[in-house]
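First to last, the sequence lines map onto chains A and B. For the first sequence, full-length UniProt numbering assigns the number 1 to the initial residue and increments by one for each residue that follows. For the second sequence, full-length UniProt numbering assigns the number 1 to the initial residue and increments by one for each residue that follows. Reviewing the structure listed below.
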Amino acid sequence: MEVINGLNLKDTELRLGLPGAQEEQQQQQVSCVRSNNKRKNNDSKEESAPPPPAKTQIVGWPPVRSNRKNNNKNVSYVKVSMDGAPYLRKIDLKMYKNYPELLKALENMFKFTVGEYSERQGYKGSGFVPTYEDKDGDWMLVGDVPWDMFSSSCQKLRIMKGSEVPPAL
Amino acid sequence: MNYFPDEVIEHVFDFVTSHKDRNAISLVCKSWYKIERYSRQKVFIGNCYAINPERLLRRFPCLKSLTLKGKPHFADFNLVPHEWGGFVLPWIEALARSRVGLEELRLKRMVVTDESLELLSRSFVNFKSLVLVSCEGFTTDGLASIAANCRHLRDLDLQENEIDDHRGQWLSCFPDTCTTLVTLNFACLEGETNLVALERLVARSPNLKSLKLNRAVPLDALARLMVCAPQIVDLGVGSYENDPDSESYLKLKAAIKKCTLLRSLSGFLEAAPHCLSAFHPICHNLTSLNLSYAAEIHGSHLIKLIQHCKKLQRLWILDSIGDKGLEVVASTCKELQELRVFPSDLLGGGNTAVTEEGLVAISAGCPKLHSILYFCQQMTNAALVTVAKNCPNFIRFRLCILEPNKPDHVTSQPLDEGFGAIVKACKSLRRLSLSGLLTDQVFLYIGMYANQLEMLSIAFAGDTDKGMLYVLNGCKKMKKLEIRDSPFGDTALLADVSKYETMRSLWMSSCEVTLSGCKRLAQKAPWLNVEIINENDNNRMEENGHEGRQKVDKLYLYRTVVGTRMDAPPFVWIL
Chain A
1 MEVINGLNLK DTELRLGLPG AQEEQQQQQV SCVRSNNKRK NNDSKEESAP
51 PPPAKTQIVG WPPVRSNRKN NNKNVSYVKV SMDGAPYLRK IDLKMYKNYP
101 ELLKALENMF KFTVGEYSER QGYKGSGFVP TYEDKDGDWM LVGDVPWDMF
151 SSSCQKLRIM KGSEVPPAL
Chain B
1 MNYFPDEVIE HVFDFVTSHK DRNAISLVCK SWYKIERYSR QKVFIGNCYA
51 INPERLLRRF PCLKSLTLKG KPHFADFNLV PHEWGGFVLP WIEALARSRV
101 GLEELRLKRM VVTDESLELL SRSFVNFKSL VLVSCEGFTT DGLASIAANC
151 RHLRDLDLQE NEIDDHRGQW LSCFPDTCTT LVTLNFACLE GETNLVALER
201 LVARSPNLKS LKLNRAVPLD ALARLMVCAP QIVDLGVGSY ENDPDSESYL
251 KLKAAIKKCT LLRSLSGFLE AAPHCLSAFH PICHNLTSLN LSYAAEIHGS
301 HLIKLIQHCK KLQRLWILDS IGDKGLEVVA STCKELQELR VFPSDLLGGG
351 NTAVTEEGLV AISAGCPKLH SILYFCQQMT NAALVTVAKN CPNFIRFRLC
401 ILEPNKPDHV TSQPLDEGFG AIVKACKSLR RLSLSGLLTD QVFLYIGMYA
451 NQLEMLSIAF AGDTDKGMLY VLNGCKKMKK LEIRDSPFGD TALLADVSKY
501 ETMRSLWMSS CEVTLSGCKR LAQKAPWLNV EIINENDNNR MEENGHEGRQ
551 KVDKLYLYRT VVGTRMDAPP FVWIL
């Protein structure tokens with residue numbers, strides 16, 4: 001079980017299905033890789049590349065101090081709530097490079113479709129509006145500012161349902 | 001048989017500062033030994049268990065500065081249990097009892113407690129300088145004692161320690177009369193900082209040259225601090241998020257422009273990259289830049305910053321800079337001497353951030369490069385051969401290919417020839433770290449060519465005991481050898497026991513050495529401490545009938561003049 005910074009990443013992994021569903025692939029913790037691993041047969045080339053093996057965690061490898069590992073900002077989890085859903089989810093904003101990717105992931109997660117975004121009118125067409133809480137605590141519409149600015153200031157996401165969306169939006 | 005009176009000789013010795021040279025001087029004759037030992041002020045102890053404080057003080061009664069190192073290097077990567085040892089308290093107690101005029105204490109990988117810091121702060125009236133690197137075991141309460149009691153404190157330098165932050169008021173423990181600070185580095189503290197106390201402290205420290213803040217110091221505080229300290233030479237920025245148009249940012253920009261002495265920049269622990277432009281005006285003066293903790297800074301912002309840094313001698317960076325970014329470094333930083341490229345994506349996202357191309361570009365563009373630490377996804381022999389040709393002056397060459405046992409990605413060959421080219425060309429090489437697919441051949445090259453090599457790190461390499469033997473027989477200047485997950489066993493370990501008297505230490509983990517091999521070694525060499533670290537099953541080794549043939553998980557041996565240490569925890573067996 002991969003535990004980084006006290007977070008159990010498997011619990012918060014983005015995937016279809018309820019959280020807590022069974023894991024097929026276990027990650028093995030091995031303390032060393034014995035030399036018989038290395039003698040790979042060089043001339044056996046596979047036609048269709050097999051799926052990469054589950055990454056085995058080797059203790060103390062790569063040789064990087066733990067404070068460097070902790071400082072890695074490649075995870076940036078935010079809570080996502082959807083009006084009417086029984087519980088919240090969490091997603092890692094760093095997994096997405098732009099708005100379409102994020103919106104698609106949210107649509108998959110909560111089984112809805114977001115409308116079409118326009119600067120003038122916000123999201124039209126579906127009744128679902130993605131909003132987020134920024135660093136100042138204000139609730140903003142997702143999509144107005146450049147992606148980088150959004151991903152670094154987004155604290156929480158909330159998908160508002162049509163009936164709650166004020167008409168002005 | 002001195003031609004000059006002792007005072008004259010002593011005066012000459014004053015000009016000899018390196019401990020290696022002083023050690024050499026002391027071997028010339030009894031008279032020089034005596035003069036040297038009374039005049040030695042700075043003592044360096046590379047392994048705190050090689051000697052004890054009583055003997056240290058007997059030989060060097062006038063010491064003013066002590067450097068101590070504790071745990072073996074692999075402790076940095078969690079291979080050594082926390083309770084293994086390296087306690088500084090007995091040293092401080094002995095120094096305090098002897099009333100030596102201690103002024104400086106530098107510790108690396110030692111266990112430091114609040115009690116030791118308190119004792120330190122009260123025992124030495126002239127104490128000036130505390131440098132703690134990769135230490136653990138203390139809290140901000142210990143720092144508070146240092147702040148409160150060391151009246152002439154000049155340096156408080158905390159580098160990458162594990163400090164329990166009680167979010168207390170240690171900064172406000174510096175009395176108002178304390179105006180002597182030159183170095184204040186608390187970047188590794190995780191908790192909140194009393195910003196008011198910090199600003200007042202900086203404002204009354206006109207000699208402050210080095211200031212490294214933790215992430216709890218935000219941009220507006222930084223701006224105020226810079227206004228108080230335009231004489232700063234070395235700055236570690238904490239939190240750096242803000243809107244480029246905000247008032248604090250503009251104030252910071254104006255303050256930075258006045259810092260004409262600024263030469264070294266680091267930190268950016270939480271950074272908004274578009275604010276980096278505040279530093280552009282002073283970049284042309286920078287000789288050292290450490291952005292290895294700044295995961296947010298990459299791409300065009302990073303490149304723009306680097307393009308201003310033409311005088312850079314030292315650069316620590318994350319691999320998100322990419323090969324293209326390294327090419328920019330190569331064409332801009334012609335004075336570069338030391339480069340460290342750290343991995344940024346440790347969760348295995350599989351980004352090929354830097355490859356052999358970046359390394360080759362750097363070697364071609366930076367003729368003064370002598371030290372490199374390079375984490376990468378792939379390497380080729382051809383690239384290493386080119387690097388060796390471009391940079392025959394390497395002193396430190398540490399290459400870490402992230403995937404163990406990975407061969408040359410073009411030819412699928414082991415990387416023996418590439419590393420061989422490095423050791424053959426770099427006649428001054430003192431430190432080497434290997435990675436990738438390697439056979440015994442690379443060790444043959446190392447033994448043959450690496451005449452100045454003092455430290456060698458081996459992981460997942462070699463085929464047979466011959467590999468280790470090549471190194472032990474060939475590298476006359478070897479001091480520290482650390483090996484993990486390699487097929488070296490008792491034959492190599494026992495071949496030349498006297499070799500270990502010339503070395504500081506040997507570490508072997510997950511290799512093929514057995515308990516009986518280690519016992520035989522301990523028998524043959526009573527001047528060695530042979531330690532077996534066996535965390536998992538304390539008694540398994542004794543009970544098992546085949547006990548001799550059991551493989552030892554972790555072996556750490558080191559020469560010592562004071563025999564077995566008394567402070568080892570139960571899971572450490574000293575044979």
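In this text, a Cβ means the ideal position worked out from N, Cα and C, and glycines have one as well.
Query	Result
When the cut-off is 7 angstroms and only beta carbons count, does E247/B lie next to chain D?	Given the protein chain composition of this structure (A and B), no chain D is represented.
Please name the residues in the segment 357-383 of chain B whose beta-carbon is closer than 9 angstroms to at least one beta-carbon of chain A, in chain order.	F375
Could you tell me the distance, in whole angstroms, from the CA atom of L265/B to the CA atom of L130/B?	21 angstroms
Using a Cβ-Cβ distance cut-off of 7 angstroms, determine whether F186/B contacts chain A.	no
Buried or exposed for K34/B, please, with buried defined as at least 16 other CB atoms from any protein chain shown within 10 angstroms of its CB.	exposed
For the segment 152-163 of chain A, which residues have a CB atom closer than 8 angstroms to at least one CB atom of chain B, in sequence order?	S152
Cβ of T193/B within 7 angstroms of Cβ of D164/B?	no
Taking Cβ-Cβ distances shorter than 7 angstroms, what residues in chain A pair up with N78/B?	V59, G60, S66
Restricting to Cα atoms, I'd like to know which of S457/B, K209/B, A255/B is closest to residue 584/B.	Beyond the ends of chain B as shown, which are 1 and 575, falls residue 584/B; an answer cannot be given.
With DSSP as the reference, label G84/A as helix, strand or coil.	coil
Given this structure, state the Cα-to-Cα distance separating G322/B from V328/B, to the nearest angstrom.	10 angstroms
Any contact of the segment 495-511 of chain B with the segment 42-60 of chain B, i.e. 3+ C-beta pairs under 8 angstroms?	yes
How many whole angstroms separate the CB atoms of E133/A and Q155/A, which I take to be in contact at a CB cut-off of 8 angstroms?	5 angstroms
Would you list, in chain order, the members of the segment 213-228 of chain B that have their beta-carbon closer than 8 angstroms to a beta-carbon of chain A?	none
Looking at chain A, is there any beta carbon in it that lies within less than 7 angstroms of the beta carbon of L402/B?	yes
How about P230/B and K258/B: are their beta carbons less than 7 angstroms apart?	yes
Threshold first: 4 residues or longer. Then list the alpha helix (DSSP H) segments lying entirely within the segment 118-150 of chain B, N to C.	140-149
List the residues of chain B whose Cβ lies closer than 9 angstroms to the Cβ of P146/A, in chain order.	None at all; the shortest Cβ gap to chain B is about 10 angstroms.
Can you give me the Cβ contacts of P50/A inside the same chain, cut-off strictly under 6 angstroms, excluding the 5 residues immediately before and after it?	Reliability fails at P50/A, whose pLDDT of 48 lies under 50, so the model's placement of it is uncertain and the value that follows must be treated cautiously. So the list is empty, once near-sequence residues are dropped.
In this structure, how does DSSP classify M448/B when only helix, strand and coil are distinguished?	helix
Going along the chain, which residues of its own chain have a beta-carbon closer than 7 angstroms to the beta-carbon of L153/A, five neighbours each way excluded?	The identity of residue 153/A in the sequence shown is Ser, whereas the question assumes Leu. Here the set comprises D134, K135.
I'd like to know if E160/B contacts chain A, where contact means its C-beta is closer than 7 angstroms to some C-beta of that chain.	yes
Counting only the same chain and skipping the five closest in sequence on each side, list residues whose C-beta sits under 7 angstroms from that of S31/A.	Because S31/A sits at a pLDDT of 41, beneath the cut-off of 50, its placement in the model cannot be relied upon, and the following sentence gives the value as read from the coordinates. Hits under 7 angstroms: V59.
Tell me the DSSP secondary structure of I303/B in three-state form.	helix
Looking at chain A, is there any beta carbon in it that lies within less than 7 angstroms of the beta carbon of F571/B?	no
Please tell me whether P63/A has its Cβ less than 7 angstroms away from any Cβ of chain B.	yes
Per the contact definition of three or more C-beta pairs closer than 8 angstroms, is the segment 114-130 of chain A in contact with the segment 88-95 of chain A?	no
Listed from N- to C-terminal order along the chain, which residues in the segment 267-280 of chain B have their beta-carbon within a distance smaller than 9 angstroms of any beta-carbon of chain A?	L269, E270, A272, P273, H274
By the three-class DSSP mapping on this structure, what secondary structure does D138/A have?	coil
May I ask which residues mark the beginning and end of the beta strand (DSSP E) holding A421/B?	First-last for A421/B: 416-425, but that is the alpha helix (DSSP H), not the beta strand (DSSP E).
Taking P81/B as the query, report the chain A residues whose CB atoms sit under 9 angstroms from its CB, ordered along the chain.	Near P81/B there are no residues of chain A at all, since even the closest Cβ is about 12 angstroms away, more than 9 angstroms.
According to DSSP, is G115/A part of a helix, a strand, or is it coil?	coil
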